[in-house]
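Numbering follows my numbering, in which position 284 of the sequence shown is assigned residue number 278; successive positions increment by one, without gaps. In this text, a Cβ means the ideal position worked out from N, Cα and C, and glycines have one as well. Read the structure below first, then the notes.
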Amino acid sequence: MATQQTRSLARFMMAPSVVLLFVWMIVPLAFTLWFSFQQYNPLNPIRDGFVGFSNYALFYSNPAFLQSILNTLILVGSVLLITVIGGILLALLIDQPMWGQGIVRILVISPFFVMPPVAALVWKNMIMHPQYGVFADIARFFGGQPIDWFGQYPMLAIIIIVAWQWLPFATLILLTSLQSLDGEQKEAAEMDGAGFVSRFIYLTLPHMSRAITVVLLIQTIFLLSVYAEILVTTNGGPGYASTNLPFLVYQKALLEFKIGQASAGGIIAVILANIVAFFAMRAVGKNLDK
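The structure is reproduced here in structure tokens:
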């Protein structure tokens, strides 16, 4: 057991890193908060001035605001559902003894190491292209009509791309949890006559619950900031059909040069992320205490 002296020494040694991390986070946040109350345009900086909460009101009154919030929640929820269910199934599959198991695991995990803009470009120009894409060739092979994914189903296309990127992460975490399951427990369940479905529901799934909550927490934080995939593929369109909150902030900051409104949107995004993270942390904490 650690003594009071060792605990004090540990706090002292960790203090510089904690302070540096705090400054690293709080300084950009403070500047964003300050700009959210300013009328600032980098192309015309002379017209600076304090405008109170008008930037928040303008950002909220934007026709794309509510749609961007809805798209953000749809994107996060859909990707989480796909990656958790798909990750569990893939983890169960590649955990089975097979020839070339190591190669299969590398291939399953490899999409996670592809940069988001590169992955989006590959999906846009090689897989989902309405004329030359793989999906179009498959549709024509079976006598169907190719689908313009980014024109007809933009959010679905974005969800597929992002889920493809994050599925390996979920699979890796869940596979690690699955391999930590005690083999004697599985053998005992088999000897008691429990089938595969019963073993999965009453033994495997409860054992993986902690890993599942960790996957939900980490992916939720990152999915709330998805931006590159939308920029490369749909550019937020058609209309606002695929505009999420981070992309709307990008539009205000770098296309319209309305730094004040963009900062207000950034603060709103931070508040939304913290609300989601708060409930996710509570869920993770309850699960880890079991």
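### Query
Any idea if TYR234 is buried or exposed, counting beta-carbon neighbours within 10 angstroms, 16 or more meaning buried?
buried
### Message
Considering only their Cβ atoms, is the gap separating SER62 from ASN238 smaller than 8 angstroms?
### Response
Contact flag set, yes.
### Message
Whole angstroms are fine: how far does the CA of LEU15 sit from the CA of THR0?
### Response
23 angstroms
### Message
Would PRO148 and SER236 be called neighbours here (beta carbons separated by less than 8 angstroms)?
### Response
yes
### Message
Considering only DSSP beta bridges, list what PHE44 is partnered with.
### Response
GLN32
#### Entry: Ordered list of alpha helix (DSSP H) runs contained in the region 92 to 132, each at least 4 residues
95 to 103 and 110 to 116
#### Entry: CB of THR26 within 8 angstroms of CB of PHE144, strictly
no
### Query
Taking the Cβ atom as the reference point for each residue, do GLN245 and LEU74 lie within a distance shorter than 8 angstroms?
Not in contact: GLN245 and LEU74 (Cβ atoms no closer than 8 angstroms).
### Query
By a C-beta neighbour count over all protein chains shown, 10 Å radius and 16 as the cutoff for buried, is PRO240 buried or exposed?
buried
### Task
Return helix, strand or coil for ALA157, following the three-state DSSP convention.
helix
#### Entry: Rounded C-alpha distance that separates GLY230 from HIS201
40 angstroms
### Query
Helix or strand or just coil, what does DSSP make of VAL226?
helix
### Query
Should SER104 be labelled buried (16 or more other beta-carbon atoms within 10 Å of its own) or exposed?
exposed
### Query
Can you name, in chain order, every residue of its own chain whose Cβ lies under 7 angstroms from the Cβ of LEU199, other than the five neighbours on each side?
none
### Query
Under the rule that 16 or more other beta-carbon atoms within 10 Å means buried, what is GLU250, buried or exposed?
Counting Cβ neighbours within 10 Å, GLU250 comes out exposed, since fewer than 16 surround it.
### Query
So what does DSSP say about GLY300, is it helix, strand or coil?
Absent from the structure is residue 300, since the part of the chain shown begins at -5 and ends at 284.
### Query
Starting from VAL78 and walking both ways along the alpha helix (DSSP H), at which residues does that stretch end?
Unbroken alpha helix (DSSP H) run through VAL78: 59 to 88.
### Query
Do ILE82 and ARG99 have their C-beta atoms closer together than 8 angstroms?
no
### Task
Kindly indicate which three-state DSSP category PRO148 falls into: helix, strand or coil?
Residue state, collapsed to three classes: helix.
### Query
Going by the CB atoms, is the gap between MET122 and ALA151 shorter than 8 angstroms?
Result yes, Cβ atoms of ALA151 and MET122 sit closer than 8 angstroms.
### Task
Name the two residues that bound the continuous alpha helix (DSSP H) containing ALA205.
203 to 217
### Message
Once DSSP output is grouped into helix, strand and coil, what is the label at TYR244?
### Response
Three-state DSSP puts TYR244 in a helix.
### Query
Taking buried to mean at least 16 other C-beta atoms within 10 Å of its own C-beta, is ASN65 buried or exposed?
That one is buried.
#### Entry: Three-pair Cβ contact test at 8 angstroms for the region 105 to 112 versus the region 158 to 169
yes
### Task
Might you give, ordered along the chain, the residues of its own chain that have their beta carbon closer than 6 angstroms to the beta carbon of MET(-5), omitting 5 neighbours on each side?
Unreliable placement is indicated for MET(-5), whose pLDDT of 48 sits below 50; the coordinate value is still reported in the next sentence. Excluding sequence neighbours, MET(-5) sits near nothing in its chain.
#### Entry: Collapsed DSSP secondary structure at THR198 in the structure displayed
helix
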